[in-house]
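One structure below.
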Amino acid sequence: MDKIKLFIDGKEVLGTKGETILNIAAENGIEIPNLCHSKELKNFGACGVCLVEIEGNPKLQRACSAAIEDNMIIHTDTKRVKNARNAALELIMSDHEGDCVGPCSLNCPAHTDVQGYLKKIAEGKYSEAVEIIKKKIPLPASIGRICPHPCEAKCRRRLVEEPISIAYLKAFAADRDMESDSPFVPDIETGSGKNVAIIGGGPAGLSAAYRLILSGHSVTVFDSMPEMGGMLRYGIPEYRLPKSVLKKETENIKKLGVIFENNKKIGREEFSVLKKEYDAVLIATGAWKDMKIGCPGEELSGVFSGIDFLREINIGNVPKIGKKVAVVGGGNTAMDACRTAVRCGAEEVYVIYRRTRAEAPAEDIEIEEAIEEGVIFKFLTNPAEIIGENGKVKAVKLQIMELDEADSSGRRKPVPVDGKFEILEVDSVIAAIGQKYDSFGFEEMELSAKGMLLADEKNCSTNIEGVFAAGDATNKGASIAIAAIAEGNLAAAVINAYLLGVPFEKAEHRYSERNVTEKDYAEKEKAKRAVMPVKSPESRRHNFDEVINGFSEEQARNEAKRCLECGCHDYGECKLIRYADENRINMRKYKGVKHDIFTEKELVSIERDQGKCMLCGLCVRVCDEKIGKSLLGFRGRGFKTAIKPEFEHSEDIADCRNCLECEKICPTGALKIIK
Amino acid sequence: MRIVIGEGSCGIAAGAIKIHSAIEKYAAEKDIEIGITGCNGMCFLEPIVDIYDGKELIKRFVRVSESDAERIVNAVENEDFSSLSDIEISDEDKNFLDLQTRIALRNCGKTDPESIEDYMDNGGYKAIKKVLKMSPKEVIEEIKFSGLAGRGGAGFPTWFKWSAARKSAGEKKYIICNADEGDPGAFMDRAVIESDPHSLIEGMLIGAYAIGAQEMIVYVRAEYPLAIKRLEEAIKQAEKAGFIGENILGSGFSCKMRIKAGAGAFVCGEETALIESLEGKRGMPRLKPPFPAQSGFKNEPSNINNVETFANIAWIIENGGSEFSKLGTENSKGTKVFALTGKVNKSGLVEVPMGMTLRDVIYKIGGGIKNGKSFKAVQLGGPSGGCIPKELLDTVIDYKSLSATGAIMGSGGMVVMDEDTCMVGMAKFFLDFTAEESCGKCVHCRIGTKRMQEILTKIVNGEGEQGDIELLEELCGVIKDGALCGLGQTAPNPVLTTLRYFKDEYDEHISEHRCRAKECSAMLKYSINPEKCIGCTVCARNCPVKAINGELKKTHTIDQNICIKCGMCSKVCRFGAVSIG
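So this is what it looks like as structure tokens:
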């Protein structure tokens, strides 16, 4: 048959009369999004995503069914088309309820695939678990021990009884993997011939190094300290993260070919050399400078900064802190400092914190364990003056505080109670109230108003071409290790693109999130969170041995089995979320009630999640047109319409021959095979 | 003399059957003929009893009650109606019919719908006899000449559809009547079928002959039992008389006829959904093309017209297309039937020539607005249509002029609203309807109308926010562009027209939390004026939620936390002491 000529988005194409616009476009490499169309089935026209504009036709047409005509001029990307298409996607999303990925993963700064590795741990496949973890975290044994686990804070299991012990399971899997005969070793791409210098061997620098070496670049990490690990090595005490564990993990990175240059402090001159000799430079020096309390007496002998104190201990020196120690601050560094002070032999250790326990940013378990170890918390106090004698600390004068209204951070603001003070006699004061970036040697780098290294949050670029920055040194300043790792990963992706000469665009993912409460899990069988065996306070007070004893294998696997698998099994294949991303839709443009959400078994081995079903009708039609069974159908009217088995009798279900065509054709994760 | 009782659904609902029995009782053994007829359109005067002398209507009695039966019978017997002036129709009310031009409704309320003889006595089935001597092409030409357009709402030229179906190749062809009348407040189709079923049959027969159909199917909603009964009877009579069946009147043309009762889904009034339903499937629209003329019922060429369209056909053949096209305007020919309802004095069925102004229909025929209130707007076309405000009352009834206002001709719903109607509430009413009646197939309609309805609900509940109007406008645009069928594509019309003419009311609801029509109860506050309250306790006793406190002869007060704003206090207060703000 003769071909006819038409134009799609200005491109001249040929087709046979009677063919649909959708097919001709696809044949010519133009993808018109569609959600309810299948080549195997009759046209349906439900989703309204494939709308196109045809010149001369006042109405938008569905490309899945509109037939081509001679000299037709078709547009698939006009404003009107995009509005109607995006509206369809936005409307579907307003009525779509499912978790694309689990809330654990979403709340992890590095978006670690928690659900994926928990499944492997439950199956006892630890190296496979580590393979999944290392896609995001190159130091799982270390991070698993010290991470404040934002994942657990959002774990849905907390709506059943308690969150899963996600963080430690990661360490468990990594420990087992490293002990095994064949630990996981990642594949390395062939050499690119490019080299990268990374300044700083902490979590951000090491993560970037790991990713970049896997991408085939030569990587050298420079660090001023004798060992790699940064704050993990010199900020966190041994009893929380044994040096041996960290060492094994950093060595594993070294084994991949990363060159470690320790005891190399990079100053101005070295920096300019690096810039010349390396194709890219990443600054990941961290925030090692302490913040001052700002009260009289801070210059006295016996006043330490928390970071300096911990670093000295971690190097092997023991600063003279005396018998009575006051630690100022309510964060994790303050906890590390006070518990370390206990282990250094201090008899009375106080924590001075101007708010109450409820507002303290430190992990609750840290506070709890510190109390167990005898630390005395003085909440609602603030140092007004450090009193000295002969240039040495003698006491600290505490201003008594009270809480006012909530401030901009949402925490209640502490205010001094007029004239109320307390004198606390101490031998030393450790100020653990914050960290800053030290710009020494990097004077040419642009800084933020707060004195942090300024880097583009989307691509880690700085004011100097080829120089990137990540981690605690940048922008908002010091944060948790996993956040630095996430930034290190991002920096690696950016540098990789930079080295390959391709543009980098940070993938902006949209996620559908389910809105659930305890009620939704009322029927769920309860299973308590595994209790971590720990050493008794008495046996741990006077040494730096690791506090935890770790899970048994049985404990770990059972704990992993508690996972509710919130994330969608079809996330990687879902057409809906792909279009949502590609068209940059506003997921929350339309708000309103959602249709009846429930999950029910239907047919022989299929489960339908009504929350994810968008009524494209593909399952209904494949069963009818291809299989000839017509076991599914639309029911109800209007917004309440739902797809359900045509007859809800078991004899009709018996007619299902379990071909699974419905599940295969479903464009979202609404249908799932029950195993 | 003959006593004829109006027994359409409206007459029956008003008590016609009881009156009929009573008249039969009193007329027993008297030489008085008793007959029935359908609905003459004067719903506001039902029950109606007419007195005929031969073919001449000599008296018309309205709002008749059972107790009038005896004196009516006596009057007829004595041929003296002087004592019945109290129930005789007024000259003013006679205007209602006199100002109309009736073609589709020509027999309604005149002939006996259950008698084919009566229909034929009044010129029925002459047109089909004439048609059978014409060629199908000539028939289509005549319809083309008349300028008749589809009366179901879209106004597509009838001849064009017939011609397309005629030209389509198919083993079998079907002619289908769409009697799935679903617009709230519309009852034109029901009245025609109940009152004059043979004119529908004859119109369909002519169409069947023109396109070469072998079967005629009437898709009528099951909620119209009387219409179905009378049509079934009429089909039997027509079969017996040789108008339906094999070799009709010896012409060689054969055509069957049947009725399909629909389950009352609004969307089944959309032609492709109607076909799906006819085929026994769920009523969901199909993609067009292919159009039904190419591939319709059972994938065969099918032509679908509305009841009123068919009711015009025999008249056009009888009187000639040119007679029909003399009526109306440049772009719209003939007449249009409307179901005039709402806050109008005389509600009922009216048929007027195209080109009459809305003002004339509402004021001259409809007698103006009830209770001396002022006119605010008129809604045409039901949920798919739009409202037309006071300033545009002189708009003439034709397809083009009505479309220009943002409303549509529609199938004939004409709902009059007065100053007490909240236009936001009105738009919400229609969106409630379309959201409920969406078939659920396409995203834009299923979810889009729901979201519009939710925003409107927010606004009438006094929870509207800045940006809501813009979001509504945006939704209107994308739903019009993206919905699969006419139901979805036109669903935004009530919102678009109220936004066009009454945007200030939306703004008041959102910014000032005020409903000027005082219809949106969430925004009302009932309070008792101490200067007027005498402490009679009536309001307190009638309050269903005991929100009113006060002792005898002392001023009463309303507890706003308990008040549910039902308005009962205001209704029962005899001193005008309850103020609504």
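In order, the protein sequence lines correspond to chains A and B. Start counting the first sequence at -12; every next residue gets the next number (this note's numbering). Start counting the second sequence at 56; every next residue gets the next number (this note's numbering). A virtual CB, placed ideally from N, CA and C, is assigned to each residue, including glycine. For clarity, every value in this text was computed on a predicted model and none was experimentally measured.
Cross-chain neighbours of residue i in chain A, by beta carbon under 9 Å
i               : result
R569 of chain B : Result: empty, since nearest Cβ-Cβ is about 25 Å, beyond 9 Å.
A642 of chain B : The shown model of chain B, from 56 to 636, leaves out residue 642 of chain B, and the question about it has no answer.
S493 of chain B : R624, G625, F626, T628
Status (buried if at least 16 other CB within 10 Å, exposed otherwise) for residue i
i               : result
N386 of chain B : exposed
N573 of chain A : exposed
L539 of chain B : buried
Q615 of chain B : exposed
A347 of chain A : buried
V305 of chain A : exposed
E257 of chain B : buried
I302 of chain A : exposed
T368 of chain A : buried
G61 of chain B  : buried
D146 of chain B : exposed
Range of the contiguous alpha helix (DSSP H) that encloses residue i
i               : result
I240 of chain A : 230 to 242
H62 of chain A  : Here H62 of chain A belongs to no alpha helix (DSSP H); instead the beta strand (DSSP E) covers 60 to 62.
D351 of chain A : 351 to 359
A328 of chain B : 326 to 333
C531 of chain B : 523 to 537
M118 of chain A : Note that residue 118 of chain A is Glu in the sequence shown here, rather than Met. E118 of chain A -> alpha helix (DSSP H) spans 113 to 120.
First through last residue of the beta strand (DSSP E) which encompasses residue i
i               : result
D123 of chain B : That residue, D123 of chain B, is in no beta strand (DSSP E); it is neither H nor E in DSSP.
N369 of chain A : 368 to 376
N360 of chain B : 357 to 361
E392 of chain A : 379 to 393
P632 of chain A : 629 to 632
Contact list for residue i against chain A, beta-carbon separation under 7 Å
i               : result
K505 of chain B : G579, F626
V533 of chain B : N70, A71, A74
Amino acids of chain E, ordered along the chain, whose beta-carbon sits closer than 7 Å to that of residue i
i              : result
A75 of chain A : The structure shown has no chain E; the protein chains it does contain are A and B.
Contact set between residue i and chain A, taken where Cβ atoms lie within less than 8 Å
i               : result
S625 of chain B : Under the 8 Å cutoff, chain A gives no residues; its nearest Cβ is about 33 Å from S625 of chain B.
L486 of chain B : Chain A residues near L486 of chain B: none, gap ~11 Å exceeds 8 Å.
I502 of chain B : L78, I79, S81, D82, Y577, F626
R337 of chain B : G620, F621
Under 7 Å by beta carbon: chain B residues contacting residue i
i               : result
C550 of chain A : Correct list: empty, because the minimum Cβ distance to chain B is about 32 Å.
Interface partners of residue i on chain B, CB under 8 Å
i              : result
A33 of chain A : K496, C497, V498, L539
N30 of chain A : L342
Give a yes or no on contact between the stretch 188 to 195 of chain A and the stretch 152 to 165 of chain A, applying the rule of three or more CB pairs nearer than 8 Å.
no
Do the stretch 504 to 521 of chain A and the stretch 138 to 155 of chain A make contact, defined as three or more Cβ pairs closer than 8 Å?
yes
What residues in the stretch 618 to 633 of chain A bring their beta carbon closer than 8 Å to a beta carbon of chain B?
G620, F621, G623, R624, G625, F626, K627, T628
Interface positions of the stretch 77 to 99 of chain A facing chain B (Cβ-Cβ less than 7 Å), listed along the chain:
L78, I79, S81, D82
If we count Cβ pairs, one from each stretch, closer than 8 Å, do we get three or more for the stretch 161 to 168 of chain B versus the stretch 337 to 354 of chain B?
no
Check whether the stretch 70 to 85 of chain A and the stretch 497 to 506 of chain B are in contact - that is, three or more C-beta pairs closer than 8 Å.
yes
Just by C-beta distance, which residues in the stretch 556 to 578 of chain A are closer than 9 Å to chain B?
K576, Y577, K578
According to a CB-to-CB cut-off of less than 9 Å, which residues of the stretch 293 to 320 of chain B neighbour chain A?
A320
For the stretch 567 to 585 of chain B and the stretch 465 to 479 of chain B, state whether three or more C-beta atom pairs, one from each stretch, are separated by less than 8 Å.
yes
Quick check: the stretch 408 to 422 of chain B against the stretch 383 to 399 of chain B, are at least 3 beta-carbon pairs closer than 8 Å?
yes
Taking one C-beta from the stretch 603 to 617 of chain B and one from the stretch 577 to 591 of chain B each time, how about it: are there three or more such pairs within less than 8 Å?
yes
When you compare the stretch 239 to 246 of chain B with the stretch 464 to 472 of chain B, are there three or more beta-carbon pairs, one atom per stretch, that lie closer than 8 Å?
yes
State whether the stretch 473 to 490 of chain A contacts the stretch 443 to 454 of chain A, with contact taken as three or more CB pairs (one from each stretch) at a distance under 8 Å.
yes
Mind listing which residues of the stretch 37 to 68 of chain A have their C-beta closer than 9 Å to chain B's C-betas, in chain order?
L38, K46, L47, R49, C51, S52, A53, A54, R67, V68
Three or more C-beta pairs closer than 8 Å, one from the stretch 613 to 631 of chain A and one from the stretch 575 to 583 of chain A: is that the case here?
yes
Compile a chain-ordered list of the residues in the stretch 272 to 298 of chain A whose CB is closer than 8 Å to at least one CB of chain B.
none
Check each residue of the stretch 586 to 606 of chain A: if its Cβ is closer than 8 Å to any Cβ of chain B, include it; give the result in chain order.
M601, L602, G604
Between the stretch 207 to 219 of chain B and the stretch 331 to 339 of chain B, do at least 3 Cβ pairs fall closer than 8 Å?
no
Identify each residue in the stretch 508 to 520 of chain B for which the Cβ-Cβ distance to at least one residue of chain A is less than 9 Å, and report them in chain order.
Q508, E509, I510
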